[in-house]
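Peer 1: Below is a structure I'd like to ask you about.
There are 2 protein chains.
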Amino acid sequence: MTGDNLQFPHKLTLNERKSLTMTGVTEVVSFDDTAVVLHTQLGTLEIQGEDLKLKTLSLDGGQVAVDGHVCGLIYEEPKAARGFW
Amino acid sequence: MTGDNLQFPHKLTLNERKSLTMTGVTEVVSFDDTAVVLHTQLGTLEIQGEDLKLKTLSLDGGQVAVDGHVCGLIYEEPKAARGFW
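Same order as they appear, the protein sequences are chains A and B.
Going by this note's numbering, the first sequence opens with residue 1, and the numbers climb by one from there.
Going by this note's numbering, the second sequence opens with residue 101, and the numbers climb by one from there.
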């Protein structure tokens with residue numbers, strides 16, 4: 001174990017619009033009961049819904065689980081590297 | 101087998117934003133390479149993306165698989181019954 005971020009594949013499973021599990025999450029940017037914004041290896045993901053609750057968060061494993069009423073899952077493309085530093 | 105629509109649970113799995121499988125789909129409303137509109141037991145689902153391809157369609161089992169680059173999954177709430185007939 002080098003401490004580098006392990007690259008889990010980004011997979012998302014939604015059961016009955018109310019139980020969402022994800023792998024490959026690198027950061028939780030914001031969270032409230034109507035929207036969750038996450039960074040994933042494949043872009044930023046916004047989860048829109050109602051009564052959203054963060055159920056599991058294990059960023060070592062890139063795992064996040066959210067319960068609630070899910071209305072939308074919207075990705076933004078990863079930004080091209082533009083000399084951030 | 102009565103011929104009634106079997107009520108499979110609505111489950112959705114997205115792998116690496118490029119391979120989407122669903123159960124609990126009752127109808128494919130429209131399909132092209134940038135958008136797929138489906139009726140599910142839990143509302144209408146619009147899949148937005150690029151280079152979308154219908155890979156599997158088995159409405160007897162409520163199963164649909166779509167490959168491509170997925171950008172968004174957006175649900176509309178089921179319409180309340182309003183005397184359709």
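All C-beta atoms, glycine included, are put in the ideal place defined by N, C-alpha and C.
Kindly list the residues whose CB is nearer than 6 Å to the CB of leucine 12 (chain A), restricted to its own chain and excluding five residues on each side of it in sequence; keep chain order.
Peer 2: Counting from 1 along the first sequence, the entry for residue 12 (chain A) is found at position 12. Only Met22 meet the Cβ criterion.
Peer 1: Establish whether the CB of histidine 110 (chain B) and some CB of chain A are separated by less than 8 Å.
Peer 2: One-based indexing of the second sequence puts residue 110 (chain B) at position 10. Yes, contact with chain A.
Peer 1: What is the residue span of the beta strand (DSSP E) that glutamine 63 (chain A) lies within?
Peer 2: Working through the first sequence from its first residue, we reach residue 63 (chain A) at position 63. Where glutamine 63 (chain A) is concerned, the enclosing beta strand (DSSP E) stretches over 63-76.
Peer 1: Considering only the alpha carbon of each residue, which of A:Glu77, A:Gly49, A:Val28, A:His10 lies closest to threonine 56 (chain A)?
Peer 2: For the purposes of this step, residue 56 (chain A) is identified with residue 56 of the first sequence, where counting begins at 1. Of A:Glu77, A:Gly49, A:Val28, A:His10, the residue nearest in Cα terms is A:Val28.
Peer 1: Which residues does DSSP list as the beta-bridge partners of valine 36 (chain A)?
Peer 2: Here residue 36 (chain A) refers to the residue found at position 36 of the first sequence. Bridge partners of valine 36 (chain A): A:Phe31, A:Ile47.
Peer 1: Whose C-beta lies closer than 6 Å to the C-beta of serine 19 (chain A) among residues of the same chain, with five residues either side of it excluded?
Peer 2: Here the question's residue 19 (chain A) lines up with position 19 in the first sequence. Only Asp67 meet the Cβ criterion.
Peer 1: Below 9 Å on C-beta distance, what does glutamate 116 (chain B) contact in chain A?
Peer 2: Locating residue 116 (chain B) in the second sequence gives position 16, where the first residue counts as 1. Near glutamate 116 (chain B) (Cβ distances below 9 Å), the residues of chain A are Pro9, His10, Lys11, Gly24, Gln41, Leu42.
Peer 1: Mind checking which residues open and close the beta strand (DSSP E) that includes leucine 12 (chain A)?
Peer 2: The residue you call residue 12 (chain A) lines up with position 12 of the first sequence. Where leucine 12 (chain A) is concerned, the enclosing beta strand (DSSP E) stretches over 11-15.
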